[in-house]
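Only one structure is covered here, and it is reproduced in the block below.
Residue numbers (the working numbering): 1 to 65.
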């Protein structure tokens, strides 16, 4: 399993990424809240599920410490 990730916006409150799972479409969107230090899914990528996205978050967390 692999993901493709692209940072869309970044400000003092959050970082928003477009992502895709095993595709180049970048049809999903997730955000990192700088205040709470948490991720949330704005829109799942095609074929993705909550469980798989939650598995993905810790990998992103390492990049946002």
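In this text, a Cβ means the ideal position worked out from N, Cα and C, and glycines have one as well. As the structure is a computational prediction, the values presented were derived from the model and not from experiment.
Return the bridge partner residues of residue i from the DSSP annotation.
i	result
residue 31	16, 40
residue 7	17
Please report the distance separating the alpha-carbon of residue i from that of residue j.
i	j	result
residue 10	residue 31	10 Å
residue 29	residue 12	18 Å
residue 54	residue 15	17 Å
residue 40	residue 24	21 Å
residue 33	residue 42	12 Å
Mark residue i as exposed unless 16 or more other C-beta atoms lie within 10 angstroms of its C-beta, in which case mark it buried.
i	result
residue 48	buried
First and last residue of the beta strand (DSSP E) that includes residue i?
i	result
residue 49	Looking at the DSSP string, residue 49 is not in any beta strand (DSSP E), and its letter there is neither H nor E.
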